[in-house]
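Structure, as structure tokens:
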Amino acid sequence: MHSSTPPPPDRSDSDGTVDGVEAFLDAIVAAPDERPPTSPLSDLDRPATTLLRDRWDEIPMTTRIRIVRDMAQDAEDHVERHYQRALLVACRDSDPDVRLAAFDGLWEFDSPELLRILLSEIAEEPDARVREAMATGLGRFAADSDDDLALNEVLEALFERWEGDSAIDVRRRALESLGFLSGDDIVEAIEDAYNNHSIEIRASALQAMGRQGDNRWLDACLRELRSDDPELRFEAVTALGSIGDQRTVSAIVDMTDDEDVEVALAAIAALGEVGGPMAVNRLRQLSEDQSRAVAEAAADALQEASIMANPLRPLM
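So for the sequence shown, the numbering used here puts the first residue at -7; every next one is plus one.
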């Protein structure tokens, strides 16, 4: 005789089943303004996923947006609940606001099904905000996947958005995601973007440089530390942290006094990434700063530097 595995804490036997989904849908369709727990939509089995897909459009649009956001929040609050299959249903919603909320809720998810949706639908997606989210999602696959065939498809889709999209923010997200990949064509794209007249495009080029983690970009990043534009200084110092070259520590230390607080905080984080004695000394000074935000950022960066220096023993 086989004993059944009990459900995890705060999970009902009906969660993720046809019965649970049907009861949830019946309740929400009958009273769209009510806010029942979304847990029945977690960990869906295949029949329950099919039922949700078939009946999803019965729910009023504003309620669908709320449900998607509630699922994302519940997944954050209860890590034992997984809403990926329900959110994938919502990715195909007829309303762009629902689709956007669904893709945002899938930011930690990297299934083959999600990749298929991103690759097959980004070019046809009519809403620029959703294309942005999709380009960012492709970047996560670019950063984490070791499947060469999939990466080639991701590369092609991102280049299509970078070279041909009508919305500048979609082009930016595509370029930033390309930064996770390597190749002469990507280097050329980043160089072209860096030489663009648009501050926004240049900022994305700097972010892509950081994601490349290549010393070839040091001169450009160091140059932009002197930019009049705080967004460029922010992206440049962040990129230097990602590249992690000890020769840049002195310049990054100087940026911890930047007049823009976000740039200064980015410099503090960068020191934690690069590490080394000079960085640690500056971070120790800043950990006693009168500004709580600065002191906390420095303490976090010190912890990061300690892990870089010795994963088994934090700095004191």
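All residues carry an ideal CB built from backbone N, CA and C; glycine is no exception.
Distance from the Cα of residue 60 is smallest, within the candidate group 7, 85 and 242, for 85. With a cutoff of 9 Å on beta-carbon distance, residue 227 and residue 264 are scored as not near each other. Annotated as proximal: residue 79 and residue 98, with beta-carbon spacing under 9 Å.
Here the alpha carbon of residue 145 sits roughly 17 Å from the alpha carbon of residue 157. Of 93, 30 and 10, the smallest CA-CA separation from residue 69 is found for 30. In the three-state scheme derived from DSSP, where H, G and I count as helix and E and B as strand, residue 186 is classed as helix. Excluding the 5 residues flanking it on each side, residue 93 has same chain C-beta neighbours closer than 8 Å at 57, 60, 61, 64 and 82, in chain order.
The beta carbon of residue 47 is closer than 7 Å to those of 17 in its chain, skipping five residues each way along the sequence. Between residue 8 and residue 49, the gap from beta carbon to beta carbon reaches 9 Å or more. Annotated as distal: residue 151 and residue 129, with beta-carbon spacing of 9 Å or more. Apart from sequence neighbours up to five positions away, the residues of its chain that approach residue 77 with a beta-carbon distance below 6 Å are 36 and 41, ordered along the chain. Non-local beta-carbon contacts of residue 14 in its own chain, meaning distances under 7 Å to residues more than five positions away in sequence, involve 43 in chain order. Straight-line spacing of the CA atoms in residue 245 and residue 218 works out to 14 Å.
Under a 10 Å Cβ-count criterion, residue 160 is classified as exposed, with fewer than 16 other Cβ atoms of the shown protein chains found around its own Cβ. 9 Å or more divides the Cβ of residue 135 from the Cβ of residue 153. With 16 or more neighbouring CB atoms inside 10 Å of its own CB, residue 32 falls in the buried class. A direct Cα-Cα distance of roughly 35 Å separates residue 114 from residue 215.
With a cutoff of 9 Å on beta-carbon distance, residue 172 and residue 131 are scored as near each other. For the options 74, 127 and 23, the alpha carbon positioned closest to that of residue 34 is the one of 74.
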